[in-house]
Amino acid sequence: MRVAIIGAGVIGLSSALCIHEQFHSLVPSLELELYADHFTPHTTSDGAAGLWQPYLSDHGNLQETLWNKETFDYLLGHLHSPAAKEMGLFLISGYNLFTEPVPDPSWKNIVLGFRNLTPKELELFPGYSYGWFNTALMLEGRSYLPWLTNRLTQRGVKFFHKKVESFQEVSGDGVDVVLNCSGLRSGDLQPDPELQPGRGQIIKVLAPWVKHFIITHNLKSGIYNSPYVIPGSEFTVLGGIYQHGNWSEENSAKDHKSIWDSCCQLLPALQKAKIVGEWSGLRPARPWVRLERESIRLGNRQAEVIHNYGHGGFGITIHRGCATAAARLFGSILQEKQQLATPPGPRL
Amino acid sequence: MASPKVAVVGAGVIGLSTALGITETCPSCSVTVLSDQFSPNTTSDVAAGMLIPHTYPDTPIHRQKQWFKETFTYLFAISNSAEASEAGIHLVSGWQVFKSTPKEELPFWSDIVLGFRPMTDSELQKFPQHQFGQAFTTLKCDCPPYLLWLEKRLKATGTQMYTRKVADLWELHSEYDIIVNCTGMGAHQLVGDKELFPVRGQVLKVHAPWVKQFIRDGDGLTYIYPGIHRVTLGGTREKGSWSLSPDADTTRDIFDRCCSLEPSLPGAQDIEVKVGLRPSRQCVRVQTEVLSQGGVKLPVVHNYGHGAGGFSVHRGTANEAAHLVAECISALQGSSSRAKL
Numbered sequence: 001m002r003v004a005i006i007g008a009g010v011i012g013l014s015s016a017l018c019i020h021e022q023f024h025s026l027v028p029s030l031e032l033e034l035y036a037d038h039f040t041p042h043t044t045s046d047g048a049a050g051l052w053q054p055y056l057s058d059h060g061n062l063q064e065t066l067w068n069k070e071t072f073d074y075l076l077g078h079l080h081s082p083a084a085k086e087m088g089l090f091l092i093s094g095y096n097l098f099t100e101p102v103p104d105p106s107w108k109n110i111v112l113g114f115r116n117l118t119p120k121e122l123e124l125f126p127g128y129s130y131g132w133f134n135t136a137l138m139l140e141g142r143s144y145l146p147w148l149t150n151r152l153t154q155r156g157v158k159f160f161h162k163k164v165e166s167f168q169e170v171s172g173d174g175v176d177v178v179l180n181c182s183g184l185r186s187g188d189l190q191p192d193p194e195l196q197p198g199r200g201q202i203i204k205v206l207a208p209w210v211k212h213f214i215i216t217h218n219l220k221s222g223i224y225n226s227p228y229v230i231p232g233s234e235f236t237v238l239g240g241i242y243q244h245g246n247w248s249e250e251n252s253a254k255d256h257k258s259i260w261d262s263c264c265q266l267l268p269a270l271q272k273a274k275i276v277g278e279w280s281g282l283r284p285a286r287p288w289v290r291l292e293r294e295s296i297r298l299g300n301r302q303a304e305v306i307h308n309y310g311h312g313g314f315g316i317t318i319h320r321g322c323a324t325a326a327a328r329l330f331g332s333i334l335q336e337k338q339q340l341a342t343p344p345g346p347r348l
Numbered sequence: 001m002a003s004p005k006v007a008v009v010g011a012g013v014i015g016l017s018t019a020l021g022i023t024e025t026c027p028s029c030s031v032t033v034l035s036d037q038f039s040p041n042t043t044s045d046v047a048a049g050m051l052i053p054h055t056y057p058d059t060p061i062h063r064q065k066q067w068f069k070e071t072f073t074y075l076f077a078i079s080n081s082a083e084a085s086e087a088g089i090h091l092v093s094g095w096q097v098f099k100s101t102p103k104e105e106l107p108f109w110s111d112i113v114l115g116f117r118p119m120t121d122s123e124l125q126k127f128p129q130h131q132f133g134q135a136f137t138t139l140k141c142d143c144p145p146y147l148l149w150l151e152k153r154l155k156a157t158g159t160q161m162y163t164r165k166v167a168d169l170w171e172l173h174s175e176y177d178i179i180v181n182c183t184g185m186g187a188h189q190l191v192g193d194k195e196l197f198p199v200r201g202q203v204l205k206v207h208a209p210w211v212k213q214f215i216r217d218g219d220g221l222t223y224i225y226p227g228i229h230r231v232t233l234g235g236t237r238e239k240g241s242w243s244l245s246p247d248a249d250t251t252r253d254i255f256d257r258c259c260s261l262e263p264s265l266p267g268a269q270d271i272e273v274k275v276g277l278r279p280s281r282q283c284v285r286v287q288t289e290v291l292s293q294g295g296v297k298l299p300v301v302h303n304y305g306h307g308a309g310g311f312s313v314h315r316g317t318a319n320e321a322a323h324l325v326a327e328c329i330s331a332l333q334g335s336s337s338r339a340k341l
């Protein structure tokens with residue numbers, strides 16, 4: 001049984017790992033092949049700061065909240081394992097700031113120690129009158145993706161560096177299932193007008209005295225269009241750009257100035273921080289994540305495609321929940337193909 | 001007395017912050033700092049510099065609380081300014097965990113630090129050997145940066161600093177009008193204070209930049225304090241030990257205890273071992289003493305004996321000592337004008 005995975009970001013790698021973990025002993029012939037045009041450190045996931053935090057509201061999308069919770073709990077469970085450092089996983093606390101009171105988020109009971117900010121804490125952030133404090137997790141792509149890649153390599157998964165132009169290309173030749181984890185470029189494989197870039201730009205600085213994440217919110221300008229500061233293990237990420245529909249991956253001087261000025265206003269000490277890099281990336285935005293099966297007719301063959309893309313700015317936050325969901329969809333495909341041994345039962 | 005000459009002996013956090021306090025309270029003074037050691041070789045450089053007070057048995061609690069509040073307020077303002085990184089002052093959040101619930105669930109300083117609250121059950125799950133915990137956000141003074149920043153502020157006021165071992169305070173009486181004794185453990189010898197005793201602390205300073213939170217065992221013996229570039233792992237409290245040599249078995253023991261609180265620590269690099277002697281006393285000595293020898297009087301303001309809590313109360317005791325110096329100056333000016341009559 002051959003499975004082709006398209007995409008080597010956090011979604012592709014974690015989905016592949018989940019499927020192999022769950023099914024390789026049940027399906028001895030299981031062979032996984034992973035195709036991608038970009039591998040770590042050149043994927044969208046590598047550019048993300050790596051903070052586990054969903055958007056403010058799940059818009060009633062309970063499924064996504066459950067996947068977020070599953071991811072948090074999975075990561076929290078790994079925090080004490082010797083692999084944590086190698087995975088790029090660590091605890092971090094911080095602040096979410098608002099200019100007016102807002103309802104508590106869907107994830108308030110998922111993170112640790114969620115509470116409102118005290119008046120004294122708000123003195124730190126002039127201009128903001130309300131906020132939250134909680135402890136969450138960082139999962140740095142620059143470490144997590146290589147860790148996932150190593151686990152997959154150990155399991156005999158083969159990697160191919162190529163840009164896949166069509167499902168047909170990978171599904172011919174005996175591949176039974178295709179896992180589409182191609183993020184923003186999924187539209188090249190199958191048109192999807194709901195999938196749009198949410199362009200972001202970040203400045204990387206050395207500011208090792210910053211130990212908390214600080215995320216400001218401007219309810220009018222929308223998610224990530226307000227300054228944020230996220231300290232990582234090697235450098236601190238300054239951001240605050242979300243441009244829907246903008247496909248440019250070039251750094252913009254105007255966005256640089258906006259990020260720099262607004263973050264320095266938030267944390268005056270950042271003025272002394274040394275800039276060590278800048279990056280623009282395209283969040284694969286969609287009104288909701290596309291995680292579903294599709295049977296595709298390719299010539300005289302039928303291929304099963306599992307779509308797992310459109311995770312916007314919360315891919316790392318939701319990845320494990322989606323990976324196990326994708327694995328369940330894979331399981332249902334196996335059952336249909338009678339590849340999974342079914343328990344003996346009475347013949348009717 | 002146009003420009004009283006004040007000598008501050010000692011250049012750790014107490015000496016430097018007291019000297020600075022004197023330049024602020026008595027701008028007409030000429031202040032000189034004398035010390036056999038300057039940063040990075042002071043006891044303060046070994047300390048993590050966390051603002052978590054130590055309770056002195058014989059100092060009234062309201063006074064300790066006042067000292068802590070003044071210190072916290074002062075550093076809070078710096079941490080919020082453009083100078084924060086140069087001064088080495090930063091906020092840090094974390095947990096204090098207890099193997100059994102302490103008698104006093106609310107320490108006297110709980111309303112001064114930020115966001116103090118008991119830990120939730122899910123937070124405590126990370127610490128299977130601990131029953132109870134407190135979560136809060138406080139400040140950390142990283143050394144050497146903080147001491148170097150104090151030195152820079154002092155130089156800007158015209159304060160001179162000299163490396164000099166003072167063996168006897170009377171050495172200074174011809175050059176200076178008032179002596180301020182911030183010699184920490186050195187006061188044992190310098191002024192013969194037998195109530196002052198060392199509490200030896202060994203710490204490891206490691207490179208573990210993914211550790212963003214502090215964790216402290218309520219017994220005060222095991223702690224993990226992330227600083228700007230290094231994480232301080234501690235520690236020991238060896239009462240009466242004068243040894244400044246690192247002990248290898250102690251290093252192993254500290255590391256093991258910290259790893260059980262923070263399992264990612266085995267990945268730490270570049271372990272540096274340091275030892276400091278906490279200048280401990282039942283109460284901090286902030287007090288004026290007028291020494292007298294052969295008809296000559298020498299006013300001395302003492303500010304030492306901060307033990308494990310130097311950083312937590314430094315600004316408060318510096319302010320108090322600076323006021324005592326101002327009183328000494330008034331007294332001297334009063335008596336010198338009387339002498340003119």
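Note that the protein sequences, when read in sequence, are chains A and B. Residue numbers for the first sequence follow the UniProt record's numbering, beginning at 1 and rising by one. Residue numbers for the second sequence follow the UniProt record's numbering, beginning at 1 and rising by one. We put the beta carbon where it would ideally sit given N, CA and C, even for glycine.
Beyond the five residues adjoining it in sequence on each side, S93 (chain A) comes within less than 6 Å, by CB distance, of T135 and H212 in the same chain, given in chain order.
Residue-level contact check: I228 (chain B) touches chain A, since one or more beta carbons of chain A fall below 8 Å from its beta carbon.
Under the Cβ distance rule, I316 (chain A) does not count among the residues neighbouring chain B, no pair being separated by less than 8 Å. In chain order, L97, F98, T99, L122 and T216 place their CB closer than 7 Å to the CB of Y128 (chain A), counting only its own chain and leaving out the 5 sequence neighbours on each side. Between the region 185 to 197 of chain A and the region 53 to 70 of chain A, the count of C-beta pairs closer than 8 Å stays below three; the two stretches do not touch. Separation of L112 (chain A) and E123 (chain B) (C-alpha to C-alpha, rounded to the nearest whole angstrom) is 6 Å. P57 (chain B) and Q201 (chain A) have their C-alpha atoms roughly 54 Å apart.
For a Cβ distance threshold of 9 Å, nothing in chain A lies close to P279 (chain B): the least Cβ distance comes to about 28 Å. At a beta-carbon threshold of 8 Å, none of the residues of chain A lie near E175 (chain B); the nearest stands roughly 39 Å away. DSSP places G12 (chain A) in the uninterrupted alpha helix (DSSP H) bounded by V10 to F23. Judged by DSSP in its simplified three-state form, K158 (chain A) adopts strand. For E140 (chain A), the CB contacts under 7 Å within the same chain, skipping 5 residues up- and downstream, are G50, G88, G232 and S233 in chain order.
Counting C-beta pairs with one atom in each stretch, the region 274 to 290 of chain A and the region 240 to 258 of chain A have three or more that are closer than 8 Å, which means they touch.
Residue contact with chain A for T59 (chain B): absent (no Cβ-Cβ distance below 8 Å to any residue of chain A). Under the 8 Å Cβ criterion, the region 300 to 311 of chain B counts as touching the region 169 to 189 of chain B, having at least three qualifying pairs.
By the criterion of at least three beta-carbon pairs nearer than 8 Å, the region 37 to 45 of chain A is not in contact with the region 1 to 9 of chain B. The beta-carbon distance between D176 (chain A) and R328 (chain A), rounded to whole angstroms, is 17 Å. This is too long to meet the 8 Å contact definition. DSSP places C181 (chain A) in the coil class of the three-state scheme, outside both helix and strand. For A36 (chain A), the CB contacts under 6 Å within the same chain, skipping 5 residues up- and downstream, are G7 and A8 in chain order. Annotated three-state conformation of V231 (chain B) is strand, per DSSP. Counting only residues of its own chain and dropping the five nearest sequence neighbours on each side, I203 (chain A) has a CB closer than 7 Å to the CB of L238, H256, I259, W260, I275 and E278.
For A156 (chain B), the enclosing alpha helix (DSSP H) covers residues P145 to A156. Here R257 (chain B) is not bridged, per DSSP, to any residue.
The C-beta of E320 (chain B) comes no closer than 8 Å to any C-beta of chain A. Secondary structure note for H256 (chain A): its alpha helix (DSSP H) is the uninterrupted segment A253 to L266. Neighbours of L124 (chain A) in chain B, taken as residues at a C-beta separation under 9 Å, are given in chain order as F76, S79, N80, L91 and L114. Taking a Cβ-Cβ cut-off of 7 Å, the neighbours of W210 (chain B) in chain A comprise K85, F90 and S233, given in sequence order. At a Cβ-Cβ threshold of 8 Å, G312 (chain A) and G198 (chain A) count as neighbours. Taking the beta carbon of Q271 (chain A) as reference, the chain B residues within 8 Å of it are A82, listed in sequence order. Between Q213 (chain B) and S28 (chain B), the C-beta spacing is not below 8 Å. Within the region 200 to 227 of chain B, no run of alpha helix (DSSP H) reaches 4 residues while sitting entirely inside it. Cβ proximity to chain A below 8 Å picks out L114, G115, R117, M119, T120, S122, E123, K126, A135 and T137 from the region 106 to 139 of chain B. Taking 3 residues as the minimum length, the beta strand (DSSP E) runs contained wholly in the region 260 to 286 of chain B are 269 to 280, in order along the chain. By the criterion of a C-beta distance shorter than 6 Å, Q243 (chain A) is surrounded in its chain by R199, once the five residues flanking it on both sides are discounted. Taking 8 Å as the cut-off, the Cβ atoms of L266 (chain A) and V305 (chain A) do not count as close.
Take L324 (chain B), set aside five residues on each side of it, and the residues of its chain with a beta-carbon closer than 6 Å to its own are T288 and V301, in chain order.
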